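Single-structure report; data block below.
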Amino acid sequence: MLWPMFFLALAFCGIAVLGVLAVRVGLEVRRFSRAVGDSSERITRAAENLERAAQPLAARGGRVHGTGGAEDPEAR
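In UniProt numbering, the protein residues as written are 1 to 76.
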């Protein structure tokens with residue numbers, strides 16, 4: 001009767017260890033998903049800032065190279 005009880009206790013300990021590891025994995029996944037969400041928001045803000053900064057340069061570049069200004073013969 002000693003050996004079956006020993007193996008039962010060992011199985012319980014193994015399941016307890018797996019449960020603890022599952023909780024740790026769940027917490028890490030939650031933390032990782034929060035970090036991915038924050039990074040996504042920062043990338044979106046950076047893309048918007050870049051687009052805002054590029055608009056005046058694109059307008060000025062179009063006038064300098066003759067694409068969209070009065071100097072463009074096709075614009076007449």
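Each residue gets a CB set at the ideal place from its N, CA and C atoms; glycine is no exception. Model, not experiment: these values are computed from the prediction.
Mapping the DSSP letters down to three states, classify residue i as helix, strand or coil.
i, result
"Met1", "coil"
Please indicate yes or no: does the CB of residue i lie closer than 6 Å to some heavy atom of the ligand ZN?
i, result
"Leu21", "Within the structure as shown, the ligand ZN is missing, as the structure has no ligands at all."
Only counting the same chain, and skipping five residues up and downstream in sequence, which positions put a Cβ closer than 7 Å to that of residue i?
i, result
"Ala47", "none"
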